[in-house]
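J.: Please read through the structure below; I'll follow up with questions.
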Amino acid sequence: QHRSGRRRVGFTPSSATPAFRHNPPTMRKLFANPYLLLTLTVLSWSGNMVIGRGIRGDIPPLTLAFWRWVIAFLLVLPLALPHLKTQWPLLKKGWKPLLVLGLLGVGGYNTFAYLALQHTSATNATLLNSFIPIATIAISWAFLGKHLRRPEAIGVFVSLCGALTIVSRGDLGVLANFNLNLGDIWMLIAVLDWAIYTVALAWRPAGVHPMLMLGSTIAIGLLALGPAYAWEMAQGQHINVHLGSLAALAYVGIFPSFLGYIFYNKGIAEVGPNKGSLFIHLMPVFGTLLSFLFLGEVPLWYHYTGIALIFSGIWLTMKR
Numbered sequence: 002q003h004r005s006g007r008r009r010v011g012f013t014p015s016s017a018t019p020a021f022r023h024n025p026p027t028m029r030k031l032f033a034n035p036y037l038l039l040t041l042t043v044l045s046w047s048g049n050m051v052i053g054r055g056i057r058g059d060i061p062p063l064t065l066a067f068w069r070w071v072i073a074f075l076l077v078l079p080l081a082l083p084h085l086k087t088q089w090p091l092l093k094k095g096w097k098p099l100l101v102l103g104l105l106g107v108g109g110y111n112t113f114a115y116l117a118l119q120h121t122s123a124t125n126a127t128l129l130n131s132f133i134p135i136a137t138i139a140i141s142w143a144f145l146g147k148h149l150r151r152p153e154a155i156g157v158f159v160s161l162c163g164a165l166t167i168v169s170r171g172d173l174g175v176l177a178n179f180n181l182n183l184g185d186i187w188m189l190i191a192v193l194d195w196a197i198y199t200v201a202l203a204w205r206p207a208g209v210h211p212m213l214m215l216g217s218t219i220a221i222g223l224l225a226l227g228p229a230y231a232w233e234m235a236q237g238q239h240i241n242v243h244l245g246s247l248a249a250l251a252y253v254g255i256f257p258s259f260l261g262y263i264f265y266n267k268g269i270a271e272v273g274p275n276k277g278s279l280f281i282h283l284m285p286v287f288g289t290l291l292s293f294l295f296l297g298e299v300p301l302w303y304h305y306t307g308i309a310l311i312f313s314g315i316w317l318t319m320k321r
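With my numbering, letter number 52 in the sequence shown gets 53, and the count goes up by one each step, no holes.
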């Protein structure tokens, strides 16, 4: 005690120890931050694009898609199985939307993206991927009757101009002659696939645990990818096994497929879907930077123009 009679607080072991015990370590605090989790998710997705481009000569695209999800399935299986017995009736009842989600989200999107990366740069792929939110809004408007306000409609148009700037490489003659890069076309198909998948999430079975949902959709996607993988092997395309290719498989299976899903779900639960979905627009930033650092892809003027137009359209679309 002070001489004045006041008690000093926080200096004795008995008072300091409980406070210390109830404060989590710094790393735990960091990974409890939803904004950090969402940023790490998008960073891992951007790295997936760069690896898909960089490893294209050693791992065929369908093979990469198949083994990526095999690894993710093995990781999620122990977390999904405890919920299977109690929630099997929910899965059985909602098999139709699960089938669609598995085919689109697991069987389709990444497969199309890896096919795209055989023919286009990782920079282009990540930039076009940022068009997903706008495509989702457009599909919701066209098929679900969700009307766009004037700023949203203008935003969709501006972002479309940005995407067209990227795929045409700043040359309107490319669009006029329909002479687009095959990889850009595959990436636009991937964007359309993911946009439809996002809209279809509205019909996912209610009450199913997220890990069981992920495990179910991965299983469906693998059933679809299996024949495609077998066909690719029959064409004589195989993995060139070395440390780099194995490390690439481990990365795409663990981070963008498994941890990325967990981080994204937790982040969305904390901040909400509207704010959380905006983080996907960090992909052009991360993708361009990673492509420059690891692949030597130097951004050109049309990349910067496309980025500016896409972000302008996103701002117009999302602002209230």
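Beta carbons are placed, not taken as given, at the ideal position from N, Cα and C, and that holds for glycine.
Treat the numbers as computed from the prediction; the structure is a model and nothing was measured.
Please classify residue 150: is it buried, with 16 or more other beta-carbons within 10 angstroms of its beta-carbon, or exposed?
T.: The residue labelled residue 150 in the question sits at position 149 within the sequence shown. Label assigned to residue 150: exposed.
J.: Taking a contact to mean a Cβ-Cβ separation below 8 angstroms, would you say residue 129 touches residue 185 in this structure?
T.: One-based indexing of the sequence shown puts residue 129 at position 128. One-based indexing of the sequence shown puts residue 185 at position 184. It is a contact, given that the beta carbons lie within the stated cut-off.
J.: On the three-state DSSP scale, how would you describe residue 57?
T.: Here the question's residue 57 lines up with position 56 in the sequence shown. Residue state, collapsed to three classes: coil.
J.: Residues in its own chain within less than 6 angstroms of residue 60 by CB, not counting five upstream and five downstream?
T.: Residue mapping note: residue 60 aligns to position 59 of the sequence shown, counting from 1. The residues are 240, 246.
J.: Would you say residue 295 reaches chain C, if we count a Cβ-Cβ gap shorter than 8 angstroms as a contact?
T.: Reference to chain C is not applicable here, since this structure consists of a single protein chain.
J.: With DSSP collapsed to three states, give me the class of residue 121.
T.: Position 120 of the sequence shown, counted from the first residue, corresponds to residue 121. Looking at residue 121 - three-state DSSP - the assignment turns out to be coil, as it is neither helix nor strand.
J.: Taking contact to mean 3 or more Cβ pairs, one atom from each stretch, closer than 8 angstroms, check whether the segment 309-319 and the segment 152-166 are in contact.
T.: Segments in contact, yes.
J.: Which stretch, first to last residue, makes up the alpha helix (DSSP H) that contains residue 81?
T.: Within the sequence shown, the letter at position 80 stands for residue 81. It spans 62-94 - the alpha helix (DSSP H) in which residue 81 sits, taken as one unbroken run.
J.: Hey, out of 191, 182, 294, whose CA is closest to residue 131's CA?
T.: The residue you call residue 131 lines up with position 130 of the sequence shown. Nearest C-alpha to residue 131: 191.
J.: Please confirm if the segment 86-102 is in contact with the segment 256-273, defined as three or more CB-CB distances below 8 angstroms between the two stretches.
T.: As far as the Cβ criterion goes, the segment 86-102 does not touch the segment 256-273, which means the pair count is below three.
J.: Whole angstroms are fine: how far does the CA of residue 53 sit from the CA of residue 118?
T.: Position 117 of the sequence shown, counted from the start, is the residue given in the question as residue 118. Position 52 of the sequence shown, counted from the start, is the residue given in the question as residue 53. Their Cα atoms are separated by approximately 6 angstroms.
J.: Considering only their Cβ atoms, is the gap separating residue 210 from residue 84 smaller than 8 angstroms?
T.: Looking up residue 84 in the sequence shown gives position 83. Looking up residue 210 in the sequence shown gives position 209. Cβ distance < 8 angstroms, so residue 84 and residue 210 count as in contact.
J.: Which residues mark the beginning and the end of the alpha helix (DSSP H) in which residue 250 is found?
T.: On the sequence shown, residue 250 is found 249 positions in, with the first residue counted as 1. Element bounds for residue 250: 244-253.
J.: Taking its Cβ as the centre, do 16 or more other Cβ atoms sit within 10 Å of residue 258, making it buried, or is it exposed?
T.: Taking the first residue of the sequence shown as 1, we reach residue 258 at position 257. By the 10 Å Cβ count, residue 258 comes out buried.
J.: Buried or exposed: residue 187, going by 16 or more other Cβ atoms within 10 Å of its Cβ?
T.: Translated into the one-based positions of the sequence shown, residue 187 becomes position 186. Residue 187 is buried by the Cβ-count criterion.
J.: Are the Cβ atoms of residue 233 and residue 64 separated by less than 8 angstroms?
T.: Residue 233 sits at position 232 when you count from the first residue of the sequence shown. Residue 64 sits at position 63 when you count from the first residue of the sequence shown. Their beta carbons are under 8 angstroms apart, which means residue 233 touches residue 64 by this criterion.
J.: Buried or exposed: which applies to residue 242, given that a residue is buried once 16 or more other Cβ atoms fall within 10 Å of its Cβ?
T.: What you label residue 242 is simply residue 241 of the sequence shown in a count that begins at 1. Exposed: under 16 other Cβ atoms inside 10 Å.
J.: Rounded to a whole number of angstroms, what is the C-alpha to C-alpha distance between residue 72 and residue 138?
T.: Numbered from its first residue, the sequence shown carries residue 72 at position 71. Numbered from its first residue, the sequence shown carries residue 138 at position 137. Those two C-alpha atoms are separated by around 32 angstroms.
J.: For the candidate residues 57, 34, 99, whose alpha-carbon lies nearest to that of residue 219?
T.: Here residue 219 refers to the residue found at position 218 of the sequence shown. The shortest Cα separation from residue 219 among 57, 34, 99 belongs to 99.
J.: How many Å lie between residue 1 and residue 308 at the Cα?
T.: Nothing can be reported for residue 1, as the shown portion of the chain is limited to 2 through 321.
J.: Could you tell me the boundaries of the alpha helix (DSSP H) in which residue 269 lies?
T.: On the sequence shown, residue 269 is found 268 positions in, with the first residue counted as 1. Looking at the DSSP string, the run of the alpha helix (DSSP H) that includes residue 269 is 261-272.
J.: In angstroms, rounded to a whole number, what distance separates the CA positions of residue 24 and residue 127?
T.: The count along the sequence shown starts at 1 and reaches residue 24 at position 23. The count along the sequence shown starts at 1 and reaches residue 127 at position 126. The predicted position of residue 24 is uncertain, since its pLDDT is 47 and thus under 50; no value can be drawn from it.
J.: Any idea what DSSP makes of residue 311, helix, strand or coil?
T.: By one-based count along the sequence shown, residue 311 stands at place 310. Correct three-state label for residue 311: helix.
J.: With a cut-off of 8 angstroms on the beta carbons, I'd call residue 45 and residue 261 a contact; round off their distance for me.
T.: Counted from its first residue, the sequence shown places residue 45 at position 44. Counted from its first residue, the sequence shown places residue 261 at position 260. The Cβ separation is near 5 angstroms, so the contact holds.
J.: Is the beta carbon of residue 310 closer than 8 angstroms to that of residue 205?
T.: Numbered from its first residue, the sequence shown carries residue 205 at position 204. Numbered from its first residue, the sequence shown carries residue 310 at position 309. Cβ atoms of residue 205 and residue 310: not closer than 8 angstroms.
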